[in-house]
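Protein chains in written order, with the UniProt record's numbering: chain A, 1 to 119; chain B, 1 to 572.
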Amino acid sequence: MGRYLNFVFILLVVAGAAAVYDMKLAATKSASHVSELQREIDAEHEAIRLLRAEWSTLNQPDRLQHLVDRYNEYLQLQPLEVKQIVTLDELPPRPVTLEPIGGKEPMSGYAGATAAVIR
Amino acid sequence: MTMTVETQSFLQVRRSRPRASAGSISSGAVKSRVYIVMMSFLLGFTVIGGRLAMLAQMDEQPSQALISAQDTVAASRPDLLDRNGEILATDIKTSSLYAEPRRILDVDEAVDGLARVLPDLDRKMVQRRLESRAGFVWLKRELTPDQVTKVHNLGLPGIGFLSENRRFYPGGPTAGHIVGSVNIDNQGLTGIERHIDQQWLSDLQKLGFASDRPMEPVKLAMDLRVQHVVRDELVKAMERYQAIAAVGIVLDVKTGEVVAMSSLPDYDPNDRSQALEQKRMNRATGGVYEMGSVFKTFTTAMALDSGAVKITDSFDASRPVRAHGRTISDFHGKHRILSVPEIFIYSSNVGTIKMMLTSGIEREQEFFTRIGLTTRLKTELPENAAPLLPPKWNELAAMTISFGHGISVTPMQTAVAAAALVNGGTLIPPTFFPRTREQAKALGTRVVSEDVSRKMRYLFRLNVTDRGGSGKRAEVPGYVVGGKTGTAEKIENGRYVSNKRRNSFLSAFPMDDPRYVVLTVIDEPKPERPGLPATAGMNAAIMVSNIIRRSAPMLGVMPQFQDSEKPIEVSY
Numbered sequence: 001m002g003r004y005l006n007f008v009f010i011l012l013v014v015a016g017a018a019a020v021y022d023m024k025l026a027a028t029k030s031a032s033h034v035s036e037l038q039r040e041i042d043a044e045h046e047a048i049r050l051l052r053a054e055w056s057t058l059n060q061p062d063r064l065q066h067l068v069d070r071y072n073e074y075l076q077l078q079p080l081e082v083k084q085i086v087t088l089d090e091l092p093p094r095p096v097t098l099e100p101i102g103g104k105e106p107m108s109g110y111a112g113a114t115a116a117v118i119r
Numbered sequence: 001m002t003m004t005v006e007t008q009s010f011l012q013v014r015r016s017r018p019r020a021s022a023g024s025i026s027s028g029a030v031k032s033r034v035y036i037v038m039m040s041f042l043l044g045f046t047v048i049g050g051r052l053a054m055l056a057q058m059d060e061q062p063s064q065a066l067i068s069a070q071d072t073v074a075a076s077r078p079d080l081l082d083r084n085g086e087i088l089a090t091d092i093k094t095s096s097l098y099a100e101p102r103r104i105l106d107v108d109e110a111v112d113g114l115a116r117v118l119p120d121l122d123r124k125m126v127q128r129r130l131e132s133r134a135g136f137v138w139l140k141r142e143l144t145p146d147q148v149t150k151v152h153n154l155g156l157p158g159i160g161f162l163s164e165n166r167r168f169y170p171g172g173p174t175a176g177h178i179v180g181s182v183n184i185d186n187q188g189l190t191g192i193e194r195h196i197d198q199q200w201l202s203d204l205q206k207l208g209f210a211s212d213r214p215m216e217p218v219k220l221a222m223d224l225r226v227q228h229v230v231r232d233e234l235v236k237a238m239e240r241y242q243a244i245a246a247v248g249i250v251l252d253v254k255t256g257e258v259v260a261m262s263s264l265p266d267y268d269p270n271d272r273s274q275a276l277e278q279k280r281m282n283r284a285t286g287g288v289y290e291m292g293s294v295f296k297t298f299t300t301a302m303a304l305d306s307g308a309v310k311i312t313d314s315f316d317a318s319r320p321v322r323a324h325g326r327t328i329s330d331f332h333g334k335h336r337i338l339s340v341p342e343i344f345i346y347s348s349n350v351g352t353i354k355m356m357l358t359s360g361i362e363r364e365q366e367f368f369t370r371i372g373l374t375t376r377l378k379t380e381l382p383e384n385a386a387p388l389l390p391p392k393w394n395e396l397a398a399m400t401i402s403f404g405h406g407i408s409v410t411p412m413q414t415a416v417a418a419a420a421l422v423n424g425g426t427l428i429p430p431t432f433f434p435r436t437r438e439q440a441k442a443l444g445t446r447v448v449s450e451d452v453s454r455k456m457r458y459l460f461r462l463n464v465t466d467r468g469g470s471g472k473r474a475e476v477p478g479y480v481v482g483g484k485t486g487t488a489e490k491i492e493n494g495r496y497v498s499n500k501r502r503n504s505f506l507s508a509f510p511m512d513d514p515r516y517v518v519l520t521v522i523d524e525p526k527p528e529r530p531g532l533p534a535t536a537g538m539n540a541a542i543m544v545s546n547i548i549r550r551s552a553p554m555l556g557v558m559p560q561f562q563d564s565e566k567p568i569e570v571s572y
């Protein structure tokens, strides 16, 4: 009896050792995965910084003005004029569009015309 | 017989072994000795095994010199942003090449390899450094990624890279004087960079907290777009008038925030060698100049503030003033009796002196001290020049000071004092960091009354709207600009020379409720075409006009057309 019990214990010890080994291996693997991810995050952060710096370089007013000057034949941009700035109150009232009496059908039209007809 | 014993199973050996006979050492003693030997071996192997396990778990320890080098170079700095969050300065990772000579196996091979990849490396210097027994030496700072790969592929032992933070300024010279620059170890040299170091960053780095972690960005009050406009206009003016230097300042009169400040010639902070050149110094806060006629603004305000002069008074400006053997006359002489507004808009030296004398010399000195023109103006920038005052504030000195000669102040001081005169009479110390109106109110000190401030606004505006006003070219339709010209003759070899001038235009807009002071200074401008005068109204005022026209929409100042033809009403 005692001998069988001993065998059981030995088996348990072996199984326990195997389980612990497995867990340790898994932990090491996770740790290296974590550090790998951390490294990737750092690299991404670095890339973001670099891209933000580049974005800012490309958006420098100095550079934009230079580009506008060079390609203005095509862009046709002009400096803002003071009289172009108005507040909402200064806008003229919205033009009123009147619906024709008697539904959506146009009063008259041209044969074969698909576009909306002036009402 | 003995042979048969040998053939027996080894399990039986012990049983058949004869006991130790008496007379020899006792069996118990033998046993204990064996145990002792066994125990000591076991102990020895346990110690060795334990040490092995310890060594296996230990990380490789870099040398002390390497650690300290990594700490120095990785010193990160906070990003600098403008008021809209645009990046002004940021850190970029670069790699620097170092060697640990003690680990190098073959110095000649290493030197050959490095020289092949980095041809600009000094061979002798490298050889000497690698042969030294030092723990750590720098070979080359800030390599390009391409060079890093090539050196890496050489596979030399004892040669490695440290990642280093390099400061990068996307805007280049646009805001150079405000932002400042750093040295190769990422320590601030000039501008706000140095201010941050002095305030807290260097302490943080000393304690080792700033080694390599992202920091909260620092926001400035500057608006990058306005800064660009100011600098662009200065660059154009320098070309158009063939000037040697120019300064432009845009200051928020209600908060004291410096929205833009440019001084030409300036430097590109990305190029470290330029930052400390004398001719590229920051003239806006680090240089003092005789500002000339713009000082009549302060004299007029002083006279009105004293109560001895009313805006309706008139003074005889028909003859030059003589004092202490000097004769002071007018540049654009009218040779008649002039009212206070006329003195201001025709920029009469004689009239200004008479106003000053009416209110008193002590009064002038006291008032100029009150608005901060006689003491060093402290800003966050490390470059703050102290004003140059006359040795004695006597009658002659007081007379010349009243029209801006004999006293040298920084352009920033002038702008700050002018802001106090137009914003309702509160002197607010300038700042390069964002500040709210409430904070500014708590910091401000009242220097002139609301009433004097209103009259000064009227005079400023009149100088632009009047047909004879010296600042009429500064007008921008819709933005109600007001200002005062200043044309100061420069001193050469102790004498004033009439063909070398430093022109300035001190202005504010919109004059009915001023929000910004704009000051331009241009050094030694030439006439645009031969025959034209090169006075401030012909160049500095036009610069102000261009700056306001381009930057006012960005600053959120609404144009107004209703009553822009008439100066602001003043009851007198």
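Glycine included, every Cβ here is placed at the ideal spot set by N, Cα and C. These numbers were taken from a predicted model, which means no experiment stands behind them.
Problem set entry | C-beta contact flag for Ile401 (chain B) and Glu364 (chain B) at 8 Å | By 1-based counting over the second sequence, the position of residue 401 (chain B) is 401. By 1-based counting over the second sequence, the position of residue 364 (chain B) is 364. Cβ distance < 8 Å, so Ile401 (chain B) and Glu364 (chain B) count as in contact.
For this session: Mind checking which residues open and close the alpha helix (DSSP H) that includes Met261 (chain B)?
Result: Counted from its first residue, the second sequence places residue 261 (chain B) at position 261. That residue, Met261 (chain B), is in no alpha helix (DSSP H); its beta strand (DSSP E) goes 258-264.
For this session: Taking Ile192 (chain B) and Glu380 (chain B) to be in contact with their CB atoms under 8 Å, please state how far apart those CB atoms are, rounded to whole angstroms.
Result: For this step, residue 192 (chain B) is matched to residue 192 along the second sequence. For this step, residue 380 (chain B) is matched to residue 380 along the second sequence. Contact holds; Cβ gap of about 6 Å.
Exercise. Between Leu75 (chain A) and chain B, is there a C-beta pair that is closer than 8 Å?
Worked result: The count along the first sequence starts at 1 and reaches residue 75 (chain A) at position 75. Not a single C-beta of chain B is nearer than 8 Å to the C-beta of Leu75 (chain A).
For this session: Report the partner residues of Arg167 (chain B) according to the DSSP bridge assignment.
Result: As a working mapping, residue 167 (chain B) is identified with position 167 in the second sequence. In the DSSP assignment, Arg167 (chain B) forms a beta bridge with B:Asp91.
Problem set entry | Among B:Ile428, B:Thr255, B:Ile345, the one whose alpha carbon lies nearest that of Gln434 (chain B) | The residue you call residue 434 (chain B) lines up with position 434 of the second sequence. Correcting the residue identity first, residue 434 (chain B) is Pro in this sequence and not Gln. That would be B:Thr255, whose Cα lies nearest to the Cα of Pro434 (chain B).
Exercise. Can you list the residues of chain A that Asp232 (chain B) reaches, using a CB-CB cut of under 9 Å?
Worked result: For the purposes of this step, residue 232 (chain B) is taken as the residue at position 232 of the second sequence. Think of a sphere of 9 Å around the beta carbon of Asp232 (chain B): the chain A residues whose beta carbon falls inside it are Pro61, Asp62, Gln65, in chain order.
For this session: Return no unless some Cβ of chain A is closer than 8 Å to the Cβ of Pro553 (chain B).
Result: Residue numbering aside, residue 553 (chain B) sits at position 553 when the second sequence is read from its first letter. At least one chain A Cβ lies under 8 Å of Pro553 (chain B).
Exercise. At which residues does the alpha helix (DSSP H) containing Ala415 (chain B) begin and terminate?
Worked result: Walking along the second sequence from the start, residue 415 (chain B) turns up at place 415. Following the DSSP letters along the chain, one finds Ala415 (chain B) inside the alpha helix (DSSP H) bounded by residues 411-422.
Exercise. Taking only beta-carbon atoms, is Ser56 (chain A) less than 8 Å away from chain B?
Worked result: Within the first sequence, the letter at position 56 stands for residue 56 (chain A). At a cut-off of 8 Å between C-beta atoms, Ser56 (chain A) counts as an interface residue with respect to chain B.
Exercise. Quick one: is Glu46 (chain A) near chain B, going by C-beta distance under 8 Å?
Worked result: Position 46 of the first sequence, counting from 1, holds the residue named residue 46 (chain A). By this cut-off, Glu46 (chain A) is an interface position.
Problem set entry | Straight-line gap, Arg119 (chain A) to Arg94 (chain A) (C-alpha atoms, nearest Å) | Start at 1 with the first residue of the first sequence, and residue 119 (chain A) comes out as number 119. Start at 1 with the first residue of the first sequence, and residue 94 (chain A) comes out as number 94. With a pLDDT of only 43 at Arg119 (chain A), under the threshold of 50, the placement of this residue in the model should not be trusted; the figure read from the coordinates follows. The straight-line gap from Cα to Cα measures roughly 19 Å.
For this session: Pair every Cβ in the stretch 138-145 of chain B with every Cβ in the stretch 89-101 of chain B, then say whether three or more of these pairs are closer than 8 Å.
Result: Yes, the stretch 138-145 of chain B is in contact with the stretch 89-101 of chain B.
Problem set entry | Residues bridged to Val481 (chain B) [DSSP beta-bridge criterion] | As a working mapping, residue 481 (chain B) is identified with position 481 in the second sequence. Answer is none; Val481 (chain B) lacks a bridge partner.
Exercise. Mind checking whether Met222 (chain B) and Asp82 (chain B) have CB atoms under 8 Å apart?
Worked result: Translated into the one-based positions of the second sequence, residue 222 (chain B) becomes position 222. Translated into the one-based positions of the second sequence, residue 82 (chain B) becomes position 82. Yes. Within cutoff.
Exercise. In whole angstroms, what separates the C-alpha of Leu75 (chain A) from that of Val68 (chain A)?
Worked result: For the purposes of this step, residue 75 (chain A) is taken as the residue at position 75 of the first sequence. For the purposes of this step, residue 68 (chain A) is taken as the residue at position 68 of the first sequence. Distance between the alpha carbons of Leu75 (chain A) and Val68 (chain A): 7 Å.
Problem set entry | Among B:Val253, B:Val294, B:Ile249, B:Asp313, the one whose alpha carbon lies nearest that of Ala284 (chain B) | Position 284 of the second sequence, counting from 1, holds the residue named residue 284 (chain B). B:Ile249 is the residue among B:Val253, B:Val294, B:Ile249, B:Asp313 whose C-alpha sits nearest the C-alpha of Ala284 (chain B).
Exercise. Closest to Thr535 (chain B) by CA distance: which of B:Val544, B:Pro525, B:Met543 is it?
Worked result: As a working mapping, residue 535 (chain B) is identified with position 535 in the second sequence. Closest by alpha carbon: B:Pro525.
For this session: Could you round the C-beta distance between Asn503 (chain B) and Ala540 (chain B) to whole angstroms and report it? I think they count as a contact, below 8 Å.
Result: Within the second sequence, numbered from 1, the residue matching residue 503 (chain B) stands at position 503. Within the second sequence, numbered from 1, the residue matching residue 540 (chain B) stands at position 540. The pair is a contact, with the Cβ atoms about 4 Å apart (cut-off 8 Å).
Exercise. Mapping DSSP to helix, strand and coil, what is Ala303 (chain B)?
Worked result: Within the second sequence, numbered from 1, the residue matching residue 303 (chain B) stands at position 303. Judged by DSSP in its simplified three-state form, Ala303 (chain B) adopts helix.
Problem set entry | Three-state secondary structure assigned by DSSP to Val8 (chain A) | Taking the first sequence and counting its residues from 1, one reaches residue 8 (chain A) at position 8. The answer is helix: DSSP assigns Val8 (chain A) an H, G or I state.
For this session: Can you give me, in chain order, the residues of the stretch 86-97 of chain A that have a beta carbon less than 8 Å from any beta carbon in chain B?
Result: Within the stretch 86-97 of chain A, the qualifying residues are Thr87.
For this session: Identify the continuous beta strand (DSSP E) that holds Arg370 (chain B) and give its terminal residues.
Result: As a working note, residue 370 (chain B) is residue 370 in the second sequence. Element bounds for Arg370 (chain B): not the beta strand (DSSP E) but the alpha helix (DSSP H), 361-370.
Problem set entry | Close-in-space but distant-in-sequence residues of the same chain around Ala243 (chain B) (CB under 6 Å, 5 per side omitted) | The residue you call residue 243 (chain B) lines up with position 243 of the second sequence. Correct list, in chain order: Ile522, Asp523, Glu524, Pro525.
Problem set entry | Min CB distance Arg225 (chain B) to chain A below 8 Å | Here residue 225 (chain B) refers to the residue found at position 225 of the second sequence. Output row for Arg225 (chain B): interface = yes.
For this session: Could you tell me which residues DSSP pairs with Thr379 (chain B) in its beta bridges?
Result: Position 379 of the second sequence, counted from the first residue, corresponds to residue 379 (chain B). Thr379 (chain B) is not bridged to any residue.
Exercise. Within 8 Å (strictly less), CB to CB, does Lys219 (chain B) reach chain A?
Worked result: Residue numbering aside, residue 219 (chain B) sits at position 219 when the second sequence is read from its first letter. Cβ-Cβ to chain A under 8 Å: no for Lys219 (chain B).
Exercise. Is Leu43 (chain B) buried or exposed, if buried means 16 or more other CB atoms sit within 10 Å of its CB?
Worked result: Indexing the second sequence from 1 puts residue 43 (chain B) at position 43. Its Cβ having fewer than 16 others within 10 Å, Leu43 (chain B) is exposed.
Exercise. So, using beta-carbon positions, are Asn349 (chain B) and Phe403 (chain B) closer together than 8 Å?
Worked result: By 1-based counting over the second sequence, the position of residue 349 (chain B) is 349. By 1-based counting over the second sequence, the position of residue 403 (chain B) is 403. When the beta-carbon positions are compared, Asn349 (chain B) and Phe403 (chain B) come within less than 8 Å of each other.
For this session: Using a Cβ cut-off of 9 Å, pull out every chain E residue sitting near Val82 (chain A), in sequence order please.
Result: Judged by its chain identifiers, the structure shown contains no chain E, and its protein chains are A and B.
For this session: With a cut-off of 8 Å on the beta carbons, I'd call Val247 (chain B) and Tyr516 (chain B) a contact; round off their distance for me.
Result: One-based indexing of the second sequence puts residue 247 (chain B) at position 247. One-based indexing of the second sequence puts residue 516 (chain B) at position 516. Between Val247 (chain B) and Tyr516 (chain B) the beta-carbon gap is near 16 Å, outside 8 Å, which marks them as no contact.
Problem set entry | Counterpart residues of Phe315 (chain B) in DSSP-defined beta bridges | Position 315 of the second sequence holds residue 315 (chain B). In the DSSP output, where bridge partners are listed per residue, Phe315 (chain B) has B:Leu338.
For this session: Flag His228 (chain B) as yes if its beta-carbon sits less than 8 Å from any beta-carbon of chain A, otherwise no.
Result: Taking the first residue of the second sequence as 1, we reach residue 228 (chain B) at position 228. The beta carbon of His228 (chain B) falls within 8 Å of a beta carbon belonging to chain A, placing the residue at that interface.
Exercise. Thinking C-alpha only, which one of B:Asp120, B:Asp122, B:Glu131, B:Glu86 is nearest Asp108 (chain B)?
Worked result: Within the second sequence, numbered from 1, the residue matching residue 108 (chain B) stands at position 108. Ranked by Cα distance from Asp108 (chain B), the first of B:Asp120, B:Asp122, B:Glu131, B:Glu86 is B:Glu131.
Problem set entry | Option nearest Val544 (chain B) by Cα separation, candidates B:Arg231, B:Glu438, B:Ala417 | By 1-based counting over the second sequence, the position of residue 544 (chain B) is 544. The shortest C-alpha separation from Val544 (chain B) is found at B:Arg231.
For this session: Give the C-beta separation of Ala417 (chain B) and Leu373 (chain B) to the nearest angstrom, bearing in mind that I take them to be a contact with Cβ-Cβ under 8 Å.
Result: Along the second sequence, one-based indexing puts residue 417 (chain B) at 417. Along the second sequence, one-based indexing puts residue 373 (chain B) at 373. Between Leu373 (chain B) and Ala417 (chain B) the Cβ distance is about 6 Å, and since that is below 8 Å, they are a contact.
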